[in-house]
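Chemist:
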Amino acid sequence: MLSYKGTREAFTKALMDLSVDDDRFMLVSPDSLKAMRATPFAEKYPDRYIEVGIAEQNAVAVAAGLASTGLVPFVATYGGFITMRACEQLRTFVAYPHLNVKFIGINSGVFGGEREGVTHQFFEDLGIVRSIPGITVVAPADEHQVYHAVKAIANIDGPVYLRAGSGREHIVYDPETPFELGKIRILKEYGNDAALFANGFIMNRALAAAALLNEQGIKVTLADVHTLKPIDTPGIATILEKCKAAVTVEDHNIIGGLADAIAKISTDHCPAPIGRIGLQDVFPGSGPAEAVLDCYGMGVRDIVAAVQTVMDRKR
Amino acid sequence: MLDTGNVAQLSMTANQLRLDVVRMVHDAKDGHPGPALSAMDIITTLYFRELNIDPSNPQWSDRDRFILSKGHACPALYAALARKGYFSVEEFKGLRGLGCLLQGHPCMKKTPGIDMTSGSLGNGLSIGVGMALAAKYRKKTYTTYVVLGDGEIQEGIVWEAAMCAKKYKLGNLIAFIDHNGWQSGGAVEEVSGLLPILPKWEAFGWHCQTIDGHDFSQIIHAIENAKKTPEPSVIIARTIKGKGLPYMENDNSWHKRVPTDEELAVAVEVLGGNANA
Chain U
224 MLSYKGTREA FTKALMDLSV DDDRFMLVSP DSLKAMRATP FAEKYPDRYI
274 EVGIAEQNAV AVAAGLASTG LVPFVATYGG FITMRACEQL RTFVAYPHLN
324 VKFIGINSGV FGGEREGVTH QFFEDLGIVR SIPGITVVAP ADEHQVYHAV
374 KAIANIDGPV YLRAGSGREH IVYDPETPFE LGKIRILKEY GNDAALFANG
424 FIMNRALAAA ALLNEQGIKV TLADVHTLKP IDTPGIATIL EKCKAAVTVE
474 DHNIIGGLAD AIAKISTDHC PAPIGRIGLQ DVFPGSGPAE AVLDCYGMGV
524 RDIVAAVQTV MDRKR
Chain V
38 MLDTGNVAQL SMTANQLRLD VVRMVHDAKD GHPGPALSAM DIITTLYFRE
88 LNIDPSNPQW SDRDRFILSK GHACPALYAA LARKGYFSVE EFKGLRGLGC
138 LLQGHPCMKK TPGIDMTSGS LGNGLSIGVG MALAAKYRKK TYTTYVVLGD
188 GEIQEGIVWE AAMCAKKYKL GNLIAFIDHN GWQSGGAVEE VSGLLPILPK
238 WEAFGWHCQT IDGHDFSQII HAIENAKKTP EPSVIIARTI KGKGLPYMEN
288 DNSWHKRVPT DEELAVAVEV LGGNANA
C-alpha cells in the first residue's frame, strides 16, 4: 500500500518501510524534520533520529561517523544546503572513504524553490555531486519513483545523493512502476526523429512536449535518465544512434547536470546535435512554480522549439 | 612491538615514536614534524595504555575509536600504529609516496588502524559525535577519542559538534585539544584571538580539564576523570610544538619542514634511540 502524497512524504514512507526489518537505518536532521515530512519516523524510531539543529556540516560529518560503524544514515534536508554548505564533508568524509550515507536533497531545481527565491532554489546540486568520485546521483521524476528509488539506494553500499521536491511535483508514473537504478526508462517511443532525455520533476513537461510534437508529426523518443551517475551509457547511446539528434530537459543549470552528461556520451559514442533545456546559467527570480519554469526557458513550448532546432541541425 | 606500560615506559615509547616521526619526514622529504611532536605524548598514552584495540583485528566493532582531527600530525599516528603492529615500520619509507600505505593525510580505507579519514581541519569532532552516538544506539561500551589542534577550533563546525555532543550527553566522547599555541600562519592568538579556550567549552556544557600535555601522569589522570563524567569531556593539553627536539621546540618554521641529515642525527642523539630501528 503506497500511502503518501508528495516526494518528501514518499521518502519518509520508504524509510519507514525499510526500517521495519532493518535497524541500521537512521535519520540525521539539520532541523529538517518538518520540511522532510519525517515526523512519523522520529516518533516511531526516536533512537534512530538524530537532530543536530541548523548545522548541515555537522549533520553530514555526524552521519560519516555513524556510517563508519556500520549504520546507514540518511541526511535529509534542502539540496543546496547538503551540496554547498556541507559539500566538503560530503566529499572528503563520505565519498572519499565510500561510507554508506544517503543524502536526500529537497527543493530541487527552480520549481522546487519557486517562491522562496534563489536561496532556496537549488539548480547546481547535481553538477556538484556528479563531479565528486564514487557517489551515485539520482533525480527521480515523481513521488512514486522517489519511493522506489529510496528503497533502491538503500540496497547498495555507498554514498548516494537523491533529489526530492517541495510538494508541487506532478505524478507521471504508475505507482507500481519499478525504479531500476542505473538504467534509463523509455517513457514514450513515438519515433526516432529526435530523442528527449529528461529527469526530475520537469518530466510532465517533457511528456507534454513529446505529445505535442507527435501531433505536429514529429516523432520523438523520451527517456527518463533518473540515474545521472553511474549513467546508462549503452541505453543512451542506443537512442542517440537511432535518433541522431537530442534535447535534454532538466530543472537544473545546463552546466554540470543532464545536458553535460548526455553531451559526453554523444561525443564519445554518437556525435549529434544537442539542445539544452534548463536554467541557462543565470540566477532566477522567485515566483509561482509553474511560472518560473516558463519564465526561465523550461516551458513545453521551449522544449518543442528546441526539438525543431536540433532536427534542422541534423539535416 | 613496543609494550603497554607505566609512565617510564610510555616516555621511552614516545621517544621512539618521535624519532620515527623525524625519520619519516626526513626520508619522505615532506611532512609536518612540529605538530606531530606536540601531540606525541597524548597519542602515545592513548595507543600504549588507554585504547581498547586489537591490531590483529583493526575493524573489531567494539574497539575504542580514535580520530586525529589535526590530520597533518599523522606521522605521529603512523608511528604509533606501526609500533602497535598494525603494519610494518618499513612502510615509513613510503610516506606520502605514490601507491603508499601512508597517505599525506590519514585515509581510513588505505591504512590499517585508521578509524577515520582526516586532514581537512575541524571535522573530526563531528565525526566523533557520530561514532559516540552509534555506540549509545548499539549499546556498546567503547570510547571515542578525538585529538584536535588549537588552531583547528577556529572552524565553526567544531562548535556545531560541541553543541550536539552536549545535547546527546555523550559521556563516551573525549576530546583532546593539542594546545601548542601555533598554527600554520603564526601564533594562534595573533591569528584569531581564540583565547581563553576553556571558558568557551565550559559555556558549551562540556566537562573541562587543563593539563600539561607532556606529563603522562596528568594525561592518564585526565582520561580517568573524563571517563567518569556523564558529559562529553575536553582535555585542554598545553603542549610545545616540536616537543622533544631543542632545535624544533616552539619554532613554528617546523610546522612543515624537512629535517636535514644532521638534524636527524641530533634527533637520534637526543631521543636516545636508533634511527634505523
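As you go down the protein sequences, you meet chains U and V in turn.
Just so we're aligned, residue 224 is where the first sequence starts under the working numbering, counting upward by one.
Just so we're aligned, residue 38 is where the second sequence starts under the working numbering, counting upward by one.
Cβ coordinates follow ideal geometry from the N, Cα and C atoms, glycine included.
All values reported here derive from a predicted model rather than from experimental measurement.
On a Cα-Cα basis, can you pick out the residue from U:A318, U:T461, U:I526 that is closest to U:L430?
Modeler: U:I526
Chemist: Going straight from the alpha carbon of V:A113 to that of V:N217, what length do you get?
Modeler: 15 Å
Chemist: Could you name the residues of the segment 194-210 of chain V whose beta carbon sits closer than 7 Å to any beta carbon of chain C, in the order they occur along the chain?
Modeler: Absent from the structure: chain C. Protein chains present are U and V.
Chemist: Considering Cα atoms alone, identify which of V:E127, V:V126, V:H109, V:R120 is closest to V:G141.
Modeler: The option with the nearest alpha carbon to V:G141 is V:H109.
Chemist: If you run the structure through DSSP and keep just helix, strand and coil, what is U:E438?
Modeler: helix
Chemist: Could you have a look at U:I425 and say whether DSSP puts it in helix, strand or coil?
Modeler: The answer is coil: DSSP assigns U:I425 none of H, G, I, E or B.
Chemist: Can you say whether U:I488 is buried or exposed, counting buried as having 16 or more other CB atoms within 10 angstroms of its CB?
Modeler: Buried.
Chemist: State the DSSP-derived secondary structure class of U:C466, mapped to helix, strand or coil.
Modeler: helix
Chemist: Which residues of chain U have a Cβ atom closer than 9 Å to the Cβ of V:D288, listed in chain order?
Modeler: The contacting residues do not exist; V:D288 stays about 30 Å from chain U at best.
Chemist: Can you list, in chain order, the residues of its chain with a C-beta nearer than 8 Å to that of U:K236? Leave out the 5 residues immediately preceding and following it.
Modeler: L225, S226, Y227, Y370
Chemist: By a C-beta neighbour count over all protein chains shown, 10 Å radius and 16 as the cutoff for buried, is U:Q280 buried or exposed?
Modeler: Answer is buried; the Cβ neighbour count reaches 16.
Chemist: Are the segment 249-267 of chain V and the segment 78-88 of chain V touching, with three or more C-beta to C-beta distances below 8 Å?
Modeler: yes
Chemist: Round the Cβ separation of U:P253 and U:G276 to the nearest angstrom and send it over; I've been treating them as touching at under 8 Å.
Modeler: 7 Å
Chemist: Check whether the Cβ of U:T292 lies closer than 7 Å to any Cβ atom in chain V.
Modeler: yes
Chemist: Measuring only between beta-carbons, confirm whether V:S229 sits less than 7 Å from chain U.
Modeler: For V:S229, no CB of chain U lies under 7 Å from its own CB, so it is not counted at the interface with that chain.
Chemist: Alpha carbons only, please: which of U:E266, U:T444, U:D447, U:V360 is nearest the one belonging to U:L349?
Modeler: U:V360
Chemist: Would you call the CB atoms of V:E189 and V:K107 closer than 7 Å?
Modeler: yes
Chemist: Does the Cβ of V:R30 have 16 or more other Cβ atoms within 10 Å, making it buried, or fewer, making it exposed?
Modeler: Residue 30 of chain V lies beyond the stretch modelled for chain V, which goes from 38 to 314, so this question has no answer here.
Chemist: Can you give me the Cβ contacts of V:R55 inside the same chain, cut-off strictly under 7 Å, excluding the 5 residues immediately before and after it?
Modeler: L74, M77, G281, L308
Chemist: Who are V:Q246's beta bridge partners in DSSP?
Modeler: V:I272
Chemist: Among the residues of its own chain, which have a CB less than 6 Å from the CB of U:F479, if the five just before and after it don't count?
Modeler: One point to set straight first is that residue 479 of chain U is Gly, not Phe, in the sequence displayed. Excluding positions up to five away in sequence, the list reads G350.
Chemist: Please report the straight-line C-alpha distance between U:T490 and U:E464, rounded to a whole angstrom.
Modeler: When the Cα atoms are used, U:T490 and U:E464 turn out to be separated by approximately 12 Å.
Chemist: Would you mind stating whether U:I305 and U:G328 have Cβ atoms separated by less than 7 Å?
Modeler: yes
Chemist: Find the nearest neighbour of V:I214 within the set V:K177, V:K206, V:K237, judged by alpha-carbon distance.
Modeler: From the listed residues V:K177, V:K206, V:K237, the smallest Cα separation to V:I214 is found for V:K237.
Chemist: Does the Cβ of U:I215 have 16 or more other Cβ atoms within 10 Å, making it buried, or fewer, making it exposed?
Modeler: With chain U running from 224 to 538 in the structure shown, residue 215 of chain U is simply not present.
Chemist: Flag this pair as yes or no: are the beta carbons of U:H321 and U:N330 separated by less than 7 Å?
Modeler: No, the Cβ-Cβ distance between U:H321 and U:N330 is not below 7 Å.
Chemist: In the DSSP assignment, find the alpha helix (DSSP H) that holds V:A304 and state where it starts and stops.
Modeler: Element bounds for V:A304: 298-308.
Chemist: Taking the alpha helix (DSSP H) that V:A240 falls in, what are its first and last residues?
Modeler: 235-240
Chemist: Can you tell me the Cβ-Cβ gap for U:A364 and U:G423, rounded? I've got them flagged as a contact below 8 Å.
Modeler: 6 Å
Chemist: I'd like to confirm the pairing. Which residues does DSSP put opposite V:F129 in its beta bridges?
Modeler: In DSSP, V:F129 forms no bridge with anything.
Chemist: Out of curiosity, what's the CA-to-CA distance linking V:A169 and U:L435?
Modeler: 57 Å
Chemist: Nearest to V:A172 by alpha carbon, out of U:V530, U:P398, U:D504, U:R271?
Modeler: U:R271
Chemist: How long is the line joining the alpha carbons of U:P269 and U:R260, rounded to whole angstroms?
Modeler: 15 Å
Chemist: Reducing DSSP to helix, strand and coil, say where V:A263 ends up.
Modeler: helix
Chemist: Under the three-state reduction of DSSP, which class applies to V:K203: helix, strand or coil?
Modeler: helix
Chemist: Does the segment 197-206 of chain V come within contact of the segment 251-271 of chain V, defined as at least 3 CB pairs closer than 8 Å?
Modeler: yes
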